[in-house]
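Chains as they are written, first to last, in the numbering used here: chain S, -13 to 603; chain P, 38 to 284.
Next comes the structure, spelled out in structure tokens:
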């Protein structure tokens, strides 16, 4: 492929690519994202390819490996184009039937989505409530392109925004457009992107660097991975446009090495973009030069923090430093540096293509556009969801997430990752945006959203997140290193029934000191899970401390399992499964007997009993 | 020059200097543990935090890092600051209950005891040893390794470091005295770094005075002849005109 030297050449090539493609040619689009691959999609994809061969359909039916469509719960996700028929939970054994159905123009009913509340089936993606209630500007193209084929991206109009920015806009105009759109940083802080770019652009020193932050350390969030894996060119296009607006000629993508597929697909995308002339010298003949290098992170949570990330890129230990002099002035190698998150960069081509007004029409007063959340935990439909800012938690959890699993009662949702906060039921109707989440004591953070039900203990949850943060603290500053450890210690004590009067006050005192005294945002936000659980579920803490009772029945030291004699028919399934041998079979039709002194409270009996004859209290 | 207020003093300060530097110059006390004017600031202990305000908005910053600004109002002893320092010193006291400098500072800040479970460590992880070794000595024989609570100052792989010259600068700057340097006969031992050095005998008085490795390093770095390092500092004569040979 020769380099593309002008916008008109780009349009010619785009037409050529489109002309070669028959929009009516059947295509089996299969998710080859990390989630589906973990469920065994590789084998499924190979089976489909073989089946297409076996049925003599090579060249007549395409099999496309694409990025994550978000519905990870139901992988492997397969979409049959041009109709857009969506099959979920597809296995290798289904290959023959699906390929045959394409020939016969049939729909396989058993692989369709069934709405658990109505029993209705949905044939097309757009009919599935999980998708229907989303606005998928960023992630929507994941099912329509092979991330390793730049032509797929070009066929959908890719790099058109770059040509527009370079040839129809000055750098200042691009900057103004992004400012006007009021795009805010998707990495969690929500800082206005345009303002950040402007500070870096106005900084006197040269060279200037730009960085894509794809560190995504929250174990519960994976939207950056999905975008980088599934549509890397959209990130690169935004990145190049931003570099042009800022006046930078050198960029870095910092990506965690634990995302091997994203690293691979991004590397391929960069090579292809260089080959086509979207990267390198004299991009599209505009005179603008920009090169991109990839830096791989070792997987420390703290390296998502901008200064720690830059230290890591420089080859130093990834530890944060004070930002009294902003990184826009002195960042990477002490030069002006602009860092944005993957999702932020991916929004830029949309803004340039469709305009700030279009972008500004989506969202709330203070937060514009869409946001991708990782919806996980005890909801029926887990996965990645892209929604307009301002949507309510209720809509996300019930309309998109399909409500709470097993008809349990909703208790709270943790947003923003491990250092976010929990939000209880009374705020389910709050419009979700940067400012509202902060007001509720949580934050946008990573975009993680963990739904919890009545079976979750809030002390246990706080302890869980604090132990994660304790482990991921870099240890540089005293409040975070020593303070978070002490908070975790107190929480452990409370959950083990050794809590004492004054523990809540001590937690609050430590929380204030850490929030005020820690060096970086990781430390400053670390108390959030504790503060919000105390704020909204104080009575649960008090039950643990004063009554030595865990109301949710989670904290092992505070619970016991009992056999409800009236409900137990003596089937013996619990006897067979108890690893301690603490349940004795007393003959058919007689209730079993549980010996508390041998019981380790593993909960196996509770899980295996189908009759609800085991009780926890 | 910029004008600012620190507590009740109106002060003029050189641009680019930090609040802590200016305060110390004026004799205003701000407690620190990880600061030393010979090396770069880390902002790790957080004891030097002060409250600054600009346009009715106030926040806490580390004075060892925050550069002075025109019109800045700094308060070094507000309730917010004191409360924070108390929590920090209590956390350090729980970590190092038997370290005198921590006990003294805790008392100074009005913290008599801690309710946290006591550990018995002697290092507060201020990192001064690491910074002095890198920035002043220039050998980087030690660094801060591991993360979070597992963090510690150590040599690579916890083995005796080839780069260490046994100069003892780390021990000199250590605020808690946890790095010990022992000179016994013709040997210098730094147990914390598993380091052992042969000491050089002074050609004049016959006393052992410095590790040979350190003298070799200095000779290489300064490009001086070997004889320059054969006599201990005590036997050198201040008057340059008279050489020690003549004496």
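Each residue gets a CB set at the ideal place from its N, CA and C atoms; glycine is no exception.
Beta-carbon proximity list for residue 285(P), same chain, < 7 Å, skipping 5 on both sides
There is no way to answer for residue 285(P), as the model of chain P reaches only from 38 to 284.
Three-way DSSP call (helix, strand, coil) for residue 206(P) in this model
helix
Please work out which residues of its chain come closer than 8 Å, Cβ to Cβ, to residue 80(P), disregarding the five sequence neighbours upstream and downstream, and give them in chain order.
71, 99, 101 and 102
Does DSSP put residue 264(P) in a helix, in a strand, or in coil?
helix
Can you tell which of 0(S), -3(S), 49(S) and -4(S) has the C-alpha that lies nearest to the C-alpha of residue 14(S)?
49(S)
Is DSSP giving residue 438(S) helix, strand or coil here?
In this structure, residue 438(S) counts as strand in the three-state DSSP scheme.
Length-filtered (3 minimum) beta strand (DSSP E) runs lying within the stretch 391 to 455 of chain S:
396 to 401, 407 to 410 and 434 to 439, all fully within the stretch 391 to 455 of chain S.
State buried or exposed for residue 230(P), treating a residue as buried only when at least 16 other CB atoms are found within 10 Å of its CB.
buried
Cβ shell of residue 83(P) (< 7 Å), same chain only, five flanking positions each side left out
99 and 125
Residue 132(S) - DSSP class collapsed to helix/strand/coil
coil
Backbone CA spacing between residue 104(P) and residue 314(S) [nearest angstrom]
17 Å
Output, in chain order, the set of chain P residues within a Cβ distance shorter than 8 Å of residue 310(S).
Per Cβ cutoff of 8 Å: 98, 102, 103 and 104.
Residues of the stretch 144 to 161 of chain P whose Cβ lies closer than 8 Å to any Cβ of chain S, in chain order
152, 153, 154 and 161
Can you confirm whether residue 516(S), when its beta carbon is compared against all beta carbons of chain P, has any partner nearer than 8 Å?
no
Runs of 4 residues minimum, wholly inside the stretch 257 to 313 of chain S: which ones carry the alpha helix (DSSP H) assignment?
Those alpha helix (DSSP H) runs which fall completely within the stretch 257 to 313 of chain S and span 4+ residues are 292 to 299.
Using only the alpha-carbon positions, how far apart do residue 284(P) and residue 237(P) sit?
Here the model assigns residue 284(P) a pLDDT of 45, short of 50, so the residue's position is not dependable and the matter cannot be decided.
Sequence ranges, alpha helix (DSSP H) only - wholly within the stretch -12 to 16 of chain S, length at least 4:
Whole alpha helix (DSSP H) segments, 4+ residues: -7 to 6.
Chain S beta carbons: is any one of them nearer than 8 Å to that of residue 239(P)?
no
C-alpha distance - residue -8(S) paired with residue 146(S), whole-angstrom precision
Approximately 11 Å between the Cα atoms of the pair.
I want to know whether the stretch 511 to 530 of chain S touches the stretch 424 to 433 of chain S - three or more CB-CB distances under 8 Å.
The stretch 511 to 530 of chain S makes contact with the stretch 424 to 433 of chain S, as at least three CB pairs between them are under 8 Å.
Decide if the stretch 463 to 483 of chain S is in contact with the stretch 396 to 406 of chain S; the criterion is three or more beta carbon pairs, one per stretch, under 8 Å apart.
no
To the nearest angstrom, report how far apart residue 41(P) and residue 119(P) are at their CA atoms.
22 Å
Assuming residue 238(S) and residue 195(S) form a contact by the criterion Cβ under 8 Å, report the distance between their Cβ atoms to the nearest whole angstrom.
7 Å
At a Cβ cut of 8 Å, what residues of the stretch 113 to 124 of chain P count as close to chain S, listed as they run along the chain?
117, 120, 121 and 124
Considering only C-alpha positions, which residue in the set 583(S), 100(S) and 601(S) is nearest to residue 589(S)?
601(S)
Opening and closing residue of the alpha helix (DSSP H) in which residue 213(S) lies:
209 to 216
Local Cβ density within 10 Å of residue 68(S), reported as buried at 16 or more and exposed below that
exposed
What whole-angstrom Cβ distance do residue 444(S) and residue 408(S) have, given they're in contact under 8 Å?
7 Å
Of all the residues that make up the stretch 241 to 253 of chain P, which are near chain S by a beta-carbon distance shorter than 9 Å?
Going along the stretch 241 to 253 of chain P in chain order, one finds no residue with a Cβ nearer than 9 Å to chain S.
Sequence ranges, alpha helix (DSSP H) only - wholly within the stretch 153 to 189 of chain P, length at least 4:
165 to 168
What runs of the alpha helix (DSSP H), each 4 residues or longer, lie entirely inside the stretch 18 to 51 of chain S?
Counting only runs of at least 4 residues, the stretch 18 to 51 of chain S fully encloses the following alpha helix (DSSP H) elements, listed from N- to C-terminal order: 20 to 24 and 27 to 40.
Residue 57(P) CB to nearest chain S CB: under 8 Å?
Not a single C-beta of chain S is nearer than 8 Å to the C-beta of residue 57(P).
Residue(s) in a DSSP beta bridge with residue 241(S)
200(S) and 282(S)
Give me the Cα-Cα distance between residue 460(S) and residue 486(S), rounded to the nearest whole angstrom.
Rounded to the nearest angstrom, the two C-alpha atoms are 30 Å apart.
Which runs of the alpha helix (DSSP H), 4 residues or longer, sit entirely within the stretch 103 to 132 of chain P?
DSSP runs (the alpha helix (DSSP H)) wholly in the stretch 103 to 132 of chain P: 116 to 132.
Nearest residue (CA-CA) to residue 18(S), options 175(S), -4(S), 11(S) and 57(S):
57(S)
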